[in-house]
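*Asks:* Here's a structure for you.
Residue numbers (our numbering): 5 to 114.
This is how it looks when you write it as structure tokens:
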């Protein structure tokens, strides 16, 4: 009688039978979710700018796509919080807002 195998048939004990990619949130994403105090409505130019953005092919998830940008823009932060963390998330949100709104004018001049 053969001894029971601890690995799947057709695979060797050195290679796992299943492999998966795990995408974990970045430090800034965790900070944004901690500092958020509610939802923020997107402005008209922000909505139009998100519509005009080209899709992103995620090979290594190193760039933000429309959904990521929308998630950052839809968070509300405390304006009276003087902490450096609050300053970081507010500056990042403003930077992404400028990028999204400038997309409208990029398509106009191209």
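Quick reminder that beta carbons are idealized off the backbone N, C-alpha and C, glycines included. All values derive from a computational prediction rather than experimental measurement.
Just to confirm the assignment: which complete beta strand (DSSP E) runs, minimum length 3, are found wholly within the region 33 to 81?
*Replies:* 40 to 43 and 79 to 81
*Asks:* Nearest-angstrom Cα distance between residue 108 and residue 78?
*Replies:* 19 Å
*Asks:* Spell out whether any CB of chain C is found under 8 Å from the CB atom of residue 59.
*Replies:* No chain C appears in the structure shown, which is made up of a single protein chain.
*Asks:* So the candidates are 106, 112, 100 and 72; which of them puts its Cα closest to the Cα of residue 29?
*Replies:* For residue 29, the closest alpha carbon among the candidates 106, 112, 100 and 72 is that of 72.
*Asks:* Can you give me the start and stop residues for the alpha helix (DSSP H) that residue 99 sits inside?
*Replies:* Start and end: 88 to 113.
*Asks:* Taking a contact to mean a Cβ-Cβ separation below 8 Å, would you say residue 111 touches residue 47 in this structure?
*Replies:* For residue 111 and residue 47, no; Cβs fall outside 8 Å.
*Asks:* Which whole-angstrom value is the C-beta distance of residue 81 and residue 94, which I expect to be below 8 Å?
*Replies:* 6 Å
*Asks:* Just to confirm my understanding: we take residue 41, look at its own chain, exclude 5 residues before and 5 after, and list those with CB closer than 7 Å. What are they?
*Replies:* Same-chain partners within the cutoff: 80, 81 and 82.
*Asks:* When DSSP labels each residue in this structure, what does residue 85 get in the three-state scheme?
*Replies:* In this structure, residue 85 counts as coil in the three-state DSSP scheme.
*Asks:* With a 10 Å radius around its C-beta and 16 neighbouring C-beta atoms as the bar for buried, classify residue 84 as buried or exposed.
*Replies:* exposed
*Asks:* Just confirm the distance between the C-beta atoms of residue 35 and residue 89, as a whole number of angstroms; I'd bet it's less than 8 Å.
*Replies:* With 8 Å as the limit, residue 35 and residue 89 qualify as a contact, their Cβ atoms being about 6 Å apart.
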